[in-house]
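Structure first, then comments.
Residue numbers (this note's numbering), protein chains in the order written: chain P, 749 to 1028; chain Z, 5 to 633.
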């Protein structure tokens, strides 16, 4: 009976002894704020700072660094979770310890409440759970292959215009792989929402939808994978609608209607169907 | 008469644009001792006496600010004071996830706490709610910022307008005063109405959610040298307007207006109008042209109406009067309207073949009367057939057939095949793809002739390894310009001495030289055959090498020296603007290399070798393209 009563007390004593024996806890991280007797890390956690806190430049030399946002720190916690030392640096410090180990010392007035935003949504009855899309930010090789319309001039260069390059129509050159297909390999970070359209070097030569209307940008969301293949089809170009519409050419007046199919005949060659011009 | 019609077309578009309401994006007003913008990461950073005011209803001050413009969230940290309509609070940091309507705050009352404001309700924080782990993430910064400033206005997801801004070139600050970075996903902002130039430096000096004003410093070695241009963009969700004056600082000025409006999901109309003048005050020349394109979509086809309205001389008949009272400038104002129906790509039965059909009907008109060229009256109308000839007195031309109106019809179809894969189908690198397509078209004219064009293309391609792929393609382009009577006369070659060295003298007075007997037989039908061999070596997205070898076998044959067939017009990157032009050198080879020079910039360099055809080995210039990624 006496033994049963003494057991919890002995266990508590043992814990205290273990904590005391483990010495100070050290963890590195980036500071969010240093004010009002607390130091905050970018995890959002705030910790008491000892009035006698020692603040040093982590390099051991150099000018003193003022603790504040963006500064990297190696914090030393005493057994009660109070920060007693801060070694500061303008660049990331080698990882040491883990802030998760000192979370129990973080000060927060309100008890933690679960956040429904962070709970995966349960599927409705009768529906299966959607596959989890994970975005780690790692670079993913994305292979874009596009099939162009058969009336695309063989001398044309095909480009991709993207929101990442401010819709510059010459930003991404594609490589011809056969008579109708072009390809480009891009390295995009997972999580990227990539919007793009295909063009032939200018926005007047951009792709249009199958029904001839200007199309909304194509979009992919880059998910975590090693390689991703994207296959697209261009149905028509804005300047090459069937029937021979002419492209809009800034800074060039169109000639009067002239159906001459050979535009670079010699000067001395009278064209039988040309614009009425006197013979030389 | 035409101008009121034109105005009737343009004005509704302008009104639609003017009525476009600005989207209700959040606006952030940022002030700080030092604001930096990192273009490559779209990071907006601020330090020292930072003050943020948002259109969502709060003002906050603090020590440091960081905003990821692409993720659309910001953090304000260090000695934060938050002011809302319901009061003030102090804390360590605040973070606003604008897309999710969540504001996370670490207040310090008696002790630190964690508050979350939901859906812009700043009066009722949810206390203690667990926050996502990266809420207060601050990026590690390195390198020189692209822009520094004292103030910044952020229209979320669209633009940042900097005040007291500087940019940096080789580490040297260049004051800009006001500068706008537009990063909207709306591609209409990129529409431009400026012609190409060799060099363009753009200063976006004003802008917001729906507009962007830019001054361009440009250089064009062909025409104008260095000059300034102005461009104004107005952008909505389904419409845009772009206006420009280019060059602003030269005698010749081109004012361009480009309009686009999408009405519903099945109809759109766009216009491009250009007004040209030589001298704004007391102009020596002025002209105007307008293109109008309207498109109506149907379930399996679409209809396109395309029109060009041009006035070559807005100054009137007397504008170009010479000393003897003759005006020498063209007075034409031709009009063109073409209506085209186009089908979708339709599968032919269950075969691996697709077809597309189109038909078109056009009307063209120009009734302008006499004008003078080289002091002789120039015939009016659109075309003459048969050709005009000089009368016996040598004072005027006689034109047996003049066409003021020309109707034309087009019918065409395209057939293409699904890529046919053969070889080892279980291997990614041991098989071949066969592609082929044919396009045939006939165009009839009121002038008694028609033009047939047929283009046939086939290719065989193979990927040998992940890095190396090749293709072999063969294209035949037939063009036949057929006249019911008359037609193309025999070519009369030049007797100019400059041509003698490369031509065969015929030995008879007046000693013509036939540069190519094939061309002497040319009567309006050409056949251009091109064999292409392409090799791509792409070891990584950051490096790319391609080699294109071509053999042309054409009729009429090209003539070395280029005196017979003129060079086609090319765009700024050296590509011909004309399809199937005559006179291509029989062999050419083009290496092209592309590599990364900066984290977000590639350089592409290419040049063509012509195997000494007409004493030409390499093309005149390297084609160098800077490719921002």
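Yeah, the Cβ is synthetic: ideal placement off N, Cα and C, and Gly gets one too.
A direct Cα-to-Cα measurement between residue 457/Z and residue 312/Z gives close to 24 Å. By alpha-carbon distance to residue 366/Z, the top candidate from 310/Z, 388/Z, 404/Z is 310/Z. Relative to residue 453/Z, the option among 32/Z, 260/Z, 293/Z, 486/Z whose CA is nearest is 486/Z.
Taking a cut-off of 8 Å on C-beta distances, the region 210-228 of chain Z touches the region 157-166 of chain Z, as three or more cross pairs fall below it.
In the same chain as residue 71/Z, and ignoring 5 residues on each side of it, the C-beta atoms closer than 6 Å to its own belong to 48, 78, in chain order.
The beta-carbon of residue 586/Z is placed less than 8 Å from the nearest beta-carbon of chain P.
Take residue 806/P, set aside five residues on each side of it, and the residues of its chain with a beta-carbon closer than 7 Å to its own are 822, 835, 836, 837, 841, in chain order. Residue pairing from DSSP places residue 475/Z in a beta bridge opposite 465/Z, 538/Z. Using a C-beta cut-off of 8 Å, the region 789-799 of chain P makes no contact with the region 42-57 of chain Z, since fewer than three inter-stretch Cβ pairs fall below that distance. Selection 409/Z, 410/Z, 408/Z, 393/Z evaluated against residue 402/Z yields 393/Z as nearest (Cα-Cα). Taking 8 Å as the CB threshold, residue 65/Z stays off the interface with chain P. Within a 10 Å sphere around the beta-carbon of residue 188/Z sit 16 or more other beta-carbons, which makes this residue buried. Annotated three-state conformation of residue 887/P is strand, per DSSP.
Considering only beta carbons, the part of the region 535-548 of chain Z lying closer than 9 Å to chain P consists of 536, 538, 540, 542, 544, 545, 546, 548, in chain order. Interface residue (Cβ-Cβ distance to chain P less than 8 Å): residue 118/Z is classified as such. Cβ-Cβ separation between residue 111/Z and residue 95/Z: approximately 4 Å, consistent with a contact (criterion under 8 Å). Residue pairing by DSSP places residue 980/P opposite 894/P in a beta bridge. Separation of residue 980/P and residue 35/Z (C-alpha to C-alpha, rounded to the nearest whole angstrom) is 45 Å. DSSP, reduced to helix, strand and coil, places residue 543/Z within a strand of the structure shown.
Beyond the five residues adjoining it in sequence on each side, residue 306/Z comes within less than 8 Å, by CB distance, of 299, 300, 345, 346 in the same chain, given in chain order. Straight through space, the alpha carbons of residue 243/Z and residue 473/Z are spaced by roughly 42 Å. The residue from 888/P, 890/P, 905/P with its alpha-carbon nearest to that of residue 896/P is 905/P. If you draw a straight line from the Cα of residue 339/Z to the Cα of residue 450/Z, it is about 16 Å long.
In this structure, residue 955/P lies near residue 946/P, with their beta-carbon atoms less than 8 Å apart.
Residue range 907-910 is occupied by the beta strand (DSSP E) that includes residue 908/P. The beta carbon of residue 226/Z does not come within 8 Å of any beta carbon belonging to chain P, so the residue lies off that interface. According to the DSSP assignment, residue 100/Z belongs to the beta strand (DSSP E) that extends over 91-101.
By the neighbour-count criterion, in which 16 or more other beta carbons inside 10 Å mark a residue as buried, residue 304/Z falls on the exposed side.
Within its own chain, the residues whose Cβ lies closer than 8 Å to the Cβ of residue 843/P, once the five positions on either side in sequence are excluded, are 776, listed in chain order. Cβ-Cβ separation between residue 950/P and residue 632/Z: approximately 16 Å, too far for a contact (criterion under 8 Å). The three-state secondary structure of residue 524/Z, taken from DSSP, is helix. Against chain Z, the beta carbon of residue 889/P has neighbours under 8 Å at 545, listed in chain order. Taking the Cα of residue 115/Z as reference, the smallest distance to any Cα among 563/Z, 249/Z, 131/Z, 280/Z is reached at 131/Z. For residue 847/P, no Cβ of chain Z is located within less than 8 Å of the residue's own Cβ.
With contacts defined as CB atoms closer than 8 Å, residue 41/Z and residue 151/Z qualify as a contacting pair. Membership of residue 865/P in any beta strand (DSSP E) is not indicated, and neither H nor E is assigned to it by DSSP.
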